[in-house]
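Input: a single structure, listed below in structure tokens.
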Amino acid sequence: MIPLSIPHLAGNEWTYVKECLDTGWVSTAGAYVGKFEDAIANFTGSRYAISCMNGTAGLHTAMNLLGIGTGDYVLAPNLTFVATLNAISYTKAEPLLLDIDPESWQLDLDLLERFLKEDTYLQDGVCILKADDRRIAAIMPVHVLGNMCDMDRLMQLAERHRLPVIEDSTEALGSTYRGRHAGTFGVFGTSSFNGNKIITTGGGGMLFTQDEALATRAKHLTTTAKTDPLDYFHDEVGYNYRLVNVLAAIGLAQMEQLPELINYKKRMDAFYREQLAGVGDIEFQQVTEGVDPNCWLFTFRTGRMRELLTYLNDRGVQSRPFWTPMNQLPMYAGLRYVTENRNANRVHATAISIPSSSGLSEAQLAEVVDTIKAFYQE
Ligand SMILES: Cc1ncc(COP(=O)(O)O)c(C=O)c1O
Numbered sequence: 001m002i003p004l005s006i007p008h009l010a011g012n013e014w015t016y017v018k019e020c021l022d023t024g025w026v027s028t029a030g031a032y033v034g035k036f037e038d039a040i041a042n043f044t045g046s047r048y049a050i051s052c053m054n055g056t057a058g059l060h061t062a063m064n065l066l067g068i069g070t071g072d073y074v075l076a077p078n079l080t081f082v083a084t085l086n087a088i089s090y091t092k093a094e095p096l097l098l099d100i101d102p103e104s105w106q107l108d109l110d111l112l113e114r115f116l117k118e119d120t121y122l123q124d125g126v127c128i129l130k131a132d133d134r135r136i137a138a139i140m141p142v143h144v145l146g147n148m149c150d151m152d153r154l155m156q157l158a159e160r161h162r163l164p165v166i167e168d169s170t171e172a173l174g175s176t177y178r179g180r181h182a183g184t185f186g187v188f189g190t191s192s193f194n195g196n197k198i199i200t201t202g203g204g205g206m207l208f209t210q211d212e213a214l215a216t217r218a219k220h221l222t223t224t225a226k227t228d229p230l231d232y233f234h235d236e237v238g239y240n241y242r243l244v245n246v247l248a249a250i251g252l253a254q255m256e257q258l259p260e261l262i263n264y265k266k267r268m269d270a271f272y273r274e275q276l277a278g279v280g281d282i283e284f285q286q287v288t289e290g291v292d293p294n295c296w297l298f299t300f301r302t303g304r305m306r307e308l309l310t311y312l313n314d315r316g317v318q319s320r321p322f323w324t325p326m327n328q329l330p331m332y333a334g335l336r337y338v339t340e341n342r343n344a345n346r347v348h349a350t351a352i353s354i355p356s357s358s359g360l361s362e363a364q365l366a367e368v369v370d371t372i373k374a375f376y377q378e
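According to UniProt numbering, the stretch in the sequence shown is residues 1 to 378, in order.
The following block contains the structure:
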């Protein structure tokens with residue numbers, strides 16, 4: 001089986017984890033947490049990076065720190081992994097879905113602009129939905145597959161309508177827009193180190209912010225809101241969302257390899273684009289101008305997606321469909337959905353992800369391509 005997206009653990013992981021085990025520093029205290037946070041902050045240019053147990057916890061924390069809750073809306077794309085919407089739901093706010101651009105698969109900014117202009121108004125510096133006079137508390141762009149939308153335009157729109165931006169940059173570690181790293185544009189950004197991501201800690205996440213007070217609050221809230229190093233005094237309802245030392249040790253070792261992993265993914269992406277161009281009815285995701293993506297998971301569109309999926313999986317080329325759009329999931333089917341052409345649903349019906357694991361050999365990549373070509377020739 002040529003795997004879709006498995007971890008690449010080829011650096012100092014063993015050495016650092018062994019040190020944790022040898023010294024007994026496996027849990028919530030230990031030096032690797034700070035080292036991992038510093039490595040990510042340095043790499044992305046984020047002023048602050050706060051580790052947490054997964055990307056979802058990071059998104060939830062961001063929303064808590066912005067005071068989002070009952071009665072609020074949060075804008076989010078219809079095509080995303082369910083965790084984006086779950087994090088909103090945990091706060092008792094309601095996701096308000098927006099359609100995506102059919103080429104880049106990111107938020108459709110023309111649609112967003114029209115929606116904000118026609119369907120919302122500002123009251124005392126707060127964005128309100130005309131339909132029911134409820135607050136729209138934030139917007140959550142998702143950098144789908146490490147691509148991004150036109151971030152200059154998104155940030156301008158958000159500012160004009162007083163919408164704090166929480167970037168779901170969980171898939172975009174190492175991606176940049178005009179030289180600036182994903183996750184560093186909004187009030188908050190997030191990374192995920194889930195097993196299939198460009199780097200992994202098994203499970204883990206990172207919250208980015210450029211604001212010192214928010215960074216301090218984020219650390220406090222994700223570590224049970226304890227105020228005293230000795231006494232068990234907690235000044236609010238906190239969360240046990242911290243990343244443990246043994247996982248941060250893996251994360252540090254992975255960070256040391258990140259530039260190399262990004263280079264690998266870019267070569268893989270270039271190879272697939274070159275080899276699959278013009279094959280069958282294949283259409284590639286279009287990279288937004290100004291974006292330098294991390295290319296972590298190669299995904300394309302074809303009208304024969306379901307057939308191809310079965311064909312590849314039957315032949316040992318592990319492939320996956322794309323996320324079911326949020327408005328097709330039972331718990332989110334009733335949400336408001338701003339759309340004209342139901343692009344998210346169309347992309348989902350045609351998109352397929354193919355093996356993109358770092359460390360696949362040239363022969364394996366060629367086998368993937370040959371199997372896809374054979375499918376269209378049959
Ligand atoms: C778009 C998106 N949002 C959120 C998450 C949640 O991250 P985690 O699995 O680390 O909680 C993921 C990844 O799994 C994701 O791909």
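For every residue, glycine included, the Cβ atom is placed at its ideal position computed from N, Cα and C.
A check of alpha carbon separations from Glu236 across Ala248, Leu221 and Ala41 identifies Leu221 as the nearest.
A distance of 8 Å or more separates the beta carbons of Met53 and Arg346. Proximity of the stretch 198-218 to the stretch 12-28 falls short of the contact definition, fewer than three beta-carbon pairs being nearer than 8 Å. Excluding its 5 nearest sequence neighbours in each direction, Leu335 has C-beta neighbours in its own chain below 8 Å: Glu94, Pro95, Leu96, Leu97, Met326 and Asn327, listed in chain order.
As a beta-bridge residue in DSSP terms, His234 pairs with Lys226.
With 16 or more neighbouring CB atoms inside 10 Å of its own CB, Gln285 falls in the buried class.
Taken atom to atom, the span from the alpha-carbon of Lys373 to that of Gly280 is near 8 Å. Shown here, Asn240 sits in a strand according to DSSP, grouped into three states.
In this model, Arg306 and Ser353 are separated by some 12 Å (Cα to Cα).
For the 8 Å CB-CB criterion, Leu145 and Glu113 do not form a contact. Boundaries of the beta strand (DSSP E) around Phe300: Thr299 to Arg301.
Every residue with a CB closer than 6 Å to a heavy atom of ligand 1 is listed here in chain order: Asn54, Gly55, Thr56, Thr80, Phe81, Ala83, Thr84, Val142, Asp168, Thr170, Glu171, Ser192, Asn194 and Gly205. Minimum Cα-Cα distance from Thr350 among the listed residues Ala333, Ser357 and Arg342 corresponds to Arg342. Boundaries around Tyr90 are those of the alpha helix (DSSP H), Val82 to Tyr90, since no beta strand (DSSP E) includes it. One Cα belongs to Cys295, the other to Gly30, and the distance between them is close to 33 Å. Scanning its chain for C-beta atoms nearer than 7 Å, with the 5 sequence neighbours on each side dropped, one finds around Gly195 the residues Pro7 and Gly202, in chain order.
Looking at Lys219, Gly278 and Gly316, the one whose alpha-carbon comes closest to that of Ala62 is Lys219. Short of 8 Å from the beta carbon of Gly45, and not among the five residues preceding or following it, lie these beta carbons of its own chain, in chain order: Arg180, His181 and Thr184. For the pair of segments examined, the stretch 75-85 was found to touch the stretch 99-112: the number of CB pairs separated by less than 8 Å reaches three. Closest by C-alpha distance to Leu173, out of Phe298, Glu367, Asp110 and Asp292, is Asp292.
Bounds of the beta strand (DSSP E) holding Gln123 are Thr120 to Gln123. Of the residues assessed, Pro164 falls on the buried side of the cut-off, its CB having 16 or more other CB atoms within 10 angstroms. Assignment of Ala62 by DSSP, reduced to helix, strand and coil, places it in the helix class. According to DSSP, Asn194 shares a beta bridge with Gly202. Bounds of the alpha helix (DSSP H) holding Val246 are Asn245 to Leu276. Between Glu159 and Leu122, the alpha-carbon positions lie close to 12 Å from each other. One Cα belongs to Ser191, the other to Ala131, and the distance between them is close to 34 Å. Around the C-beta of Gln254, 16 or more other C-beta atoms lie within 10 Å, and the residue is accordingly described as buried. With fewer than 16 neighbouring CB atoms inside 10 Å of its own CB, Met1 falls in the exposed class. Inclusion of Leu154 and Pro141 in the CB contact set at 8 Å is warranted, their separation being smaller than that value. Remark: C-beta atoms of Val244 and Thr28 approach each other more closely than 8 Å. In the three-state reduction of the DSSP assignment, Asp168 falls in the strand class. Counting only unbroken stretches of 4 or more residues, the alpha helix (DSSP H) elements lying wholly within the stretch 14-62 are 31-44, in sequence order.
The three-state secondary structure of Asp314, taken from DSSP, is helix. In this chain, the beta strand (DSSP E) harbouring Glu94 covers Glu94 to Leu98. Around the beta carbon of Gly303, fewer than 16 other beta carbons lie within 10 angstroms, which makes this residue exposed.
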